[in-house]
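Worksheet for the structure shown next.
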Amino acid sequence: MKLLLVGCLSFILACSPHDPNAETVSITTIELPEPQRSGEVSVEEALQQRRSIRDYASTPLTLAEIGQLAWSAQGITDSARGLRAAPSAGATFPVEIYFLISDIDDLADGVYRYRNDDHSLEQVIEGDLRPRLFRVSLGQDAIMNAPVVMVITGVLRRIEPRYRERAMRFMYMEAGHVAQNVYLQSVPLEIGTVVIGAFRDDGVSEVLQLDDGEYPLYIMPIGKLQ
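Numbering (this note's numbering), first residue to last: 33 to 258.
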């Protein structure tokens with residue numbers, strides 16, 4: 033009976049109606065290294081050095097670097113209260129973090145969602161989807177230049193009951209908080225990134241196979257500095 037249920041679930045996942053060209057996979061969880069919570073670069077130095085970078089070295093990112101960026105974006109910083117690295121209106125936490133990953137050691141190409149409850153990545157789609165994201169993002173070269181692309185999304189139903197007509201506004205604000213955290217964390221890691229807001233919402237949603245009510249807010253290509 034258990035085998036039958038697992039087989040049915042795998043069939044349903046593989047036949048997701050969102051995107052016939054990408055294969056949805058059963059959840060594969062990748063444990064991330066523990067993030068560093070202190071460093072040698074001050075906040076002031078990070079602010080001084082922060083830049084938008086669109087070209088990257090061919091050197092792949094490490095799993096530890098991806099984990100550090102994920103933690104800076106949405107990591108748990110107060111486990112007792114569940115508070116995160118970026119502020120959120122009313123602690124409603126509508127933001128989700130996805131990584132489109134290619135040519136990274138120890139990680140299969142695909143789309144991964146960051147799970148901050150146990151600081152891990154779960155693979156949700158197989159394959160390199162950067163070319164498709166590139167096409168729905170007005171052909172911005174940084175997406176193809178980067179081995180990792182972070183996509184920040186917002187789940188409206190988490191925040192709308194409390195903030196109603198202001199909910200979408202607050203989601204975009206939170207995406208900005210997250211993006212600045214990633215910018216600043218990139219400095220000591222000698223990583224470059226840039227924020228991209230020019231894309232077709234429906235196109236990005238299709239690439240990531242987002243559920244109804246989850247919206248793409250920001251795209252951030254990420255790579256080592258040249």
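Ideal Cβ placement from N, Cα and C applies to all residues, glycine included.
Item: Just how far apart, CA to CA, sit residue 67 and residue 99?; Value: 7 Å
Item: If you measure between the beta carbons of residue 146 and residue 129, is that distance less than 8 Å?; Value: yes
Item: With residue 168 as the anchor, note down where its alpha helix (DSSP H) starts and where it stops.; Value: 162 to 168
Item: I need the straight-line Cα distance from residue 202 to residue 243, nearest angstrom please.; Value: 20 Å
Item: Would you mind reading off the limits of the alpha helix (DSSP H) that contains residue 143?; Value: It is not in any alpha helix (DSSP H) - residue 143 instead sits in the beta strand (DSSP E) that spans 142 to 147.
Item: Within 10 Å of its beta-carbon, does residue 123 have 16 or more other beta-carbons around it, so buried, or fewer, so exposed?; Value: exposed
Item: Once DSSP output is grouped into helix, strand and coil, what is the label at residue 114?; Value: coil
Item: For my contact list, residue 95 and residue 138 are in at a C-beta cut-off of 8 Å; report their separation, rounded to the angstrom.; Value: 6 Å
Item: Who are the Cβ neighbours of residue 107 in its own chain at under 8 Å, not counting the five residues just before and after it?; Value: 67, 116, 117, 148, 151
Item: Under three-state DSSP, which class holds residue 19?; Value: Outside the shown range of the chain (33 to 258) lies residue 19, about which nothing can therefore be said.
Item: Let me know if residue 75 comes out buried or exposed under the rule of 16 or more other beta-carbons within 10 Å of its beta-carbon.; Value: exposed
Item: So is residue 97 buried or exposed if we call it buried at 16+ other beta carbons inside 10 Å?; Value: buried
Item: Tell me the residue span of the alpha helix (DSSP H) that contains residue 125.; Value: No alpha helix (DSSP H) contains residue 125, which DSSP labels as neither H nor E.
Item: Pull the bridge partners of residue 28 from the DSSP assignment, please.; Value: Residue 28 falls outside the range modelled here, since the chain spans only 33 to 258, and no answer is possible.
Item: Going by alpha carbons, who is nearest to residue 224 out of 199, 249, 182, 119?; Value: 182
Item: If you draw a straight line from the C-alpha of residue 120 to the C-alpha of residue 173, how long is it?; Value: 31 Å
Item: In whole angstroms, give me the CA-to-CA distance for residue 109 and residue 204.; Value: 21 Å
Item: How is residue 224 classed by DSSP in three states: helix, strand or coil?; Value: strand
Item: With distances taken between CB atoms, is the gap from residue 259 to residue 178 smaller than 8 Å?; Value: The chain is shown from 33 up to 258; residue 259 falls before or after that span and cannot be answered.
Item: Let's see if you can read the secondary structure: which residues bound the alpha helix (DSSP H) around residue 175?; Value: 173 to 177
Item: Report the rounded CA-to-CA distance for residue 73 versus residue 220, giving the unit in angstroms.; Value: 6 Å
Item: Have a look at residue 156 and residue 163 and give me their C-alpha separation to the nearest angstrom.; Value: 17 Å
Item: Look at the Cβ atom of residue 125, then the Cβ atom of residue 153, and state whether they are nearer than 8 Å.; Value: no
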